[in-house]
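Note sheet for the following structure.
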Amino acid sequence: MKTVILDRDGVINKNPPNNGYVCDWNDFIFLPNALEAIRILTQNGYSIIVATNQAGISRGFYSEKQLSEIHQQMLDIIEAEGGKIVKIYYCPHHPDAKCECRKPNPGMLLQAAQDSEFEVSTTFFIGDSITDIQAAHNAGVLPILVLTGHGRETYKKYINAESTLSPYKPEKIFTNLYSAARWMIMPKN
Ligand SMILES: [Mg+2]
Ligand SMILES: [Zn+2]
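Going by this note's numbering, the first residue of the sequence shown is number 4, and it counts up by one from there.
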């Protein structure tokens with residue numbers, strides 16, 4: 004099955020202000036056209052997976068139970084709008100924990116590939132941060148950068164061509180998830 008993996012914050016919903024974490028549902032605001040993007044991907048046969056760093060759990064800002072409640076509300080709205088997300092992977096660990104799942108490490112993407120049996124080399128991971136692009140490279144999936152969330156900052160870092168980043172260039176760049184989705188569903192020769 005065709006699969007696409009999405010980062011959450013800055014791709015589906017706005018990066019929240021303050022401490023940068025979605026601590027409860029009030030902090031969760033869908034980005035413009037994100038629901039429509041998820042709908043057209045779903046309608047065109049894509050299996051959609053989310054992979055998100057959630058260190059706010061290890062920092063004590065919210066619990067795994069609260070996170071799952073936020074995700075349930077998100078999924079309910081996505082489904083009401085005609086889209087479907089099949090699975091959400093999250094890393095609850097602190098950056099100091101040096102786990103395998105926290106992006107830029109590839110753990111979540113590799114676990115998803117194993118669970119859902121998709122071909123990594125032809126699957127896209129859509130994110131707004133350098134750590135998303137790096138995680139994609141580290142997992143062998145194709146990175147797409149969107150310019151929502153931290154995307155513009157990330158893009159500037161690439162044009163400034165910092166040599167340490169150059170091996171991790173995105174495969175494609177789109178203004179937002181909707182334009183990425185439109186491209187993904189276009190017939191390719
Ligand atoms: Mg993000
Ligand atoms: Zn982790």
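Where is the CB? At the ideal position from N, CA and C, for every residue including glycine.
heavy atom of ligand 2 below 7 Å from residue i C-beta
i	result
residue 62	no
residue 11	no
residue 105	yes
residue 96	yes
residue 26	no
Opening and closing residue of the beta strand (DSSP E) in which residue i lies
i	result
residue 100	Residue 100 -> no beta strand (DSSP E), and no H or E assigned at all.
residue 8	6-9
Ligand 1 heavy atom lying under 7 Å from the CB of residue i
i	result
residue 140	no
residue 74	no
residue 132	yes
residue 152	yes
residue 135	yes
residue 149	no
residue 14	yes
Opening and closing residue of the alpha helix (DSSP H) in which residue i lies
i	result
residue 86	Neither: residue 86 is in no alpha helix (DSSP H) and is coded neither H nor E.
residue 188	180-188
residue 118	110-119
Three-state secondary structure assigned by DSSP to residue i
i	result
residue 130	strand
residue 160	helix
residue 195	Residue 195 falls outside the range modelled here, since the chain spans only 4 to 192, and no answer is possible.
residue 176	strand
residue 148	strand
Check your understanding: Is it true that the segment 13-32 meets the segment 110-118, where meeting means three or more beta-carbon pairs spaced less than 8 Å apart?
Key -> Pairwise C-beta distances place the segment 13-32 out of contact with the segment 110-118, as fewer than three of them are shorter than 8 Å.
Exercise for review: Determine contact between the segment 170-189 and the segment 138-155, defined as no fewer than three beta-carbon pairs at a distance below 8 Å.
Suggested key: Yes, the segment 170-189 is in contact with the segment 138-155.
**Study point:** Entirely enclosed alpha helix (DSSP H) segments - the segment 25-78, minimum 4 residues
**Key:** As far as the segment 25-78 is concerned, its whole alpha helix (DSSP H) runs of at least 4 residues are 37-46.
Point to revise | Any 3 or more C-beta pairs closer than 8 Å across the segment 54-64 and the segment 9-20 | key: Yes: at least three Cβ pairs fall under 8 Å.
Review point. Between the segment 119-128 and the segment 149-156, do three or more beta carbon pairs fall short of 8 Å?
Key: No contact exists between the segment 119-128 and the segment 149-156.
Review point. Does the segment 128-138 come close enough to the segment 100-112 to have 3 or more Cβ pairs within less than 8 Å?
Key: Yes, they touch.
Practice item. Report yes or no: do three or more beta-carbon pairs, one from the segment 87-96 and one from the segment 63-79, lie closer than 8 Å? Key: Taking 8 Å as the limit for Cβ pairs, the verdict is that the segment 63-79 does touch the segment 87-96.
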